[in-house]
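Take a look at the structure below.
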Amino acid sequence: MKLVVGLGNIGKEYEGTRHNTGFMVLDHLAQQAGLTFTGPRQEAMIAKDHCYQQTILLAKPTTYMNESGRSVRALLNYYDLEPNDLLVVHDDLDLPTGQLRLRQKGSAGGHNGIKSIIAAVNGQNFKRIRIGIDHPNKQTVVDWVLSRFDAQQHDLITQGIDQAIAAIRFWLETDDFNQAMNRFNHKEK
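First residue of the sequence shown? That's 3 in the numbering used here, and the numbers climb one at a time after it.
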């Protein structure tokens with residue numbers, strides 16, 4: 003069994019915001035697979051599928067971003083999973099809009115949702131797909147992450163979402179995250 007968690011904030015007012023990029027990836031993936039999110043259970047909306055000879059759980063925490071670890075810990079406990087079975091999809095200010103960076107482990111990098119998960123699982127050893135949302139120019143970070151993408155950025159983030167879905171599917175099919183990193187991590191030229 004694998005657990006794929008997309009980070010975001012609950013509520014209509016946050017839909018489509020930069021900080022909800024993780025939710026957007028899971029929403030598109032679920033739609034493509036014909037899945038529906040139900041719940042909440044273990045403080046998350048859950049979509050479940052069986053593919054690639056295993057059960058796949060897609061989860062969107064119903065806690066706010068900064069408390070995502072609470073939901074992730076509850077899900078890992080309930081389904082008897084280890085952090086190695088976990089992939090977290092989230093936004094990243096330090097990457098250009100739509101650019102992916104897959105990582106096996108690492109620090110929070112200033113992302114409070116990841117910081118919460120690191121604390122909840124007692125370590126940094128879980129997989130991540132970071133999707134760039136770019137850095138604000140003149141806006142505060144809070145205003146930036148809670149704003150929506152403009153038309154030009156929308157095309158870039160849509161491409162990033164599609165690439166993230168392809169990376170998730172590749173990992174699930176091959177069970178080889180190193181190979182996924184080699185295939186989907188691209189440097190900006």
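Note that CB positions come from ideal geometry on N, CA and C, so glycine has one too.
query	result
What are the partner residues of A49, as DSSP defines its beta bridges?	L60
Any chance you could list the alpha helix (DSSP H) runs of at least 4 consecutive residues sitting entirely within the segment 105-187, in chain order?	114-123, 143-147, 153-176, 179-186
Less than 8 Å separating the beta-carbons of K4 and L158?	no
How would you call T40, buried or exposed, if buried means at least 16 neighbouring beta carbons within 10 angstroms?	exposed
Is the distance from the Cβ of V144 to the Cβ of A61 below 8 Å?	no
Using a threshold of 8 Å, state whether the C-beta atoms of L104 and G162 are closer than that.	no
Just mark Q44 as buried or exposed, buried being the case when its beta carbon has 16 or more other beta carbons within 10 Å.	buried
Is P42 helix, strand or coil by DSSP?	strand
Let me confirm a value: T57 is counted as buried when at least 16 other C-beta atoms fall within 10 Å, else exposed. Which label applies?	exposed
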